[in-house]
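Here the structure comes first, spelled out in structure tokens, and everything after it is commentary.
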Amino acid sequence: MIKNGNPFLEKGFKNVTYQDNSMTVGGTVLKTMVLLALVGFSFIYSWLEMGSGIGKFTTILGIAVVIAFISSLVTAFIPKISPITAPIYAVSEGILLGYISKLADLKFPGIVVSAILLTLALTLATLLIYRRNPAVAGKITRGVMIATFGVFLTYLVTFVLGFFGISLPIFGSGPIGILFSVAVIVIATLNLIVDYDFILKNVSQGAPKYMEWYSAYGLMVTLVWLYIEILRLLTKLKSDD
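Heads up: the sequence shown begins at 15 in this note's numbering, then just goes up one per residue.
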């Protein structure tokens with residue numbers, strides 16, 4: 015099996031049976047655009063609703079959190095139904111991103127636009143790098159896998175410690191927190207390169223058509239992660255001013 019730093023992509027491809035009606039690069043790109051469009055529309059809806067007051071939006075936000083969590087798990091473990099669950103996840107994730115982004119923008123106006131532009135710039139840069147030198151993915155895959163696991167383990171430990179009132183400086187606006195955010199952004203960006211390579215290799219091996227949706231979902235997860243980390247870094251930098 016092909017290894018990948020993105021746990022969502024790797025999980026879905028683990029038990030895939032390859033067949034004639036296979037995924038294509040064009041199909042995967044189209045599905046990715048559809049999911050990102052859904053994220054964008056629900057993002058705008060959430061942003062506008064936040065502008066009219068958080069009170070009546072609380073219920074919708076709570077439902078979105080539950081749906082995002084459930085649809086993410088279902089998509090990860092049952093990729094065959096990703097044509098249904100991936101769009102559902104995209105809509106619910108867009109609502110959450112709109113909420114988070116609006117809160118950040120209320121505190122630091124213009125920060126969201128900067129985060130979006132930086133995310134697009136890094137995405138374009140990784141596409142160009144991979145196109146010019148596809149072999150780079152094979153050289154970094156193992157390191158990206160280990161680093162990604164380390165980041166999510168850190169998130170988990172931080173979450174658990176939070177129940178005991180313990181906070182780590184990595185989420186603060188001090189030098190340690192800023193360096194941690196920069197490191198995570200680098201890891202998330204490298205995950206994009208590995209994702210591209212993983213998808214292309216599975217296309218060449220004839221992965222089934224429904225895996226276009228699953229691959230688009232996995233790529234979207236990485237993009238959302240990258241955007242959130244960039245927004246977090248910019249917030250830290252603004253807070254430190």
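Even for Gly, the Cβ is constructed at its ideal location relative to N, Cα and C.
A quick note: this is a predicted structure, and the numbers were derived from the prediction, not measured.
Where Met159 is concerned, the enclosing alpha helix (DSSP H) starts and stops at Ala149 to Gly176. Per the C-alpha coordinates, the member of Gly54, Val150, Leu132 and Phe212 positioned closest to Leu233 is Phe212. In the three-state reduction of the DSSP assignment, Pro183 falls in the helix class.
Residue environment: Phe166 is assigned as exposed (fewer than 16 neighbouring CB atoms within 10 Å of its CB, all protein chains considered). The beta carbons of Val105 and Leu52 sit closer together than 9 Å. For Thr89 and Ser115, the gap between their C-alpha atoms comes out near 25 Å. In this structure, Ser229 is the residue among Ser229, Arg156 and Leu251 with its C-alpha nearest to the C-alpha of Ile95. Here the alpha carbon of Arg145 sits roughly 15 Å from the alpha carbon of Val43. Within a 10 Å sphere around the beta-carbon of Gly164 sit fewer than 16 other beta-carbons, which makes this residue exposed.
The shortest C-alpha to C-alpha distance from Gly112 to any of Tyr169, Gly54 and Ser128 is the one to Gly54. Here the stretch 132–147 makes contact with the stretch 201–215; the two share three or more CB pairs at distances below 8 Å. Residue environment for Lys45: buried (at least 16 other C-beta atoms within 10 angstroms of its C-beta). Our two residues, Asn35 and Lys223, have alpha carbons roughly 6 Å apart in a direct line.
Beta bridge pairing from DSSP links Pro222 with Ser36. Here the alpha carbons of Phe71 and Thr137 stand approximately 32 Å from one another.
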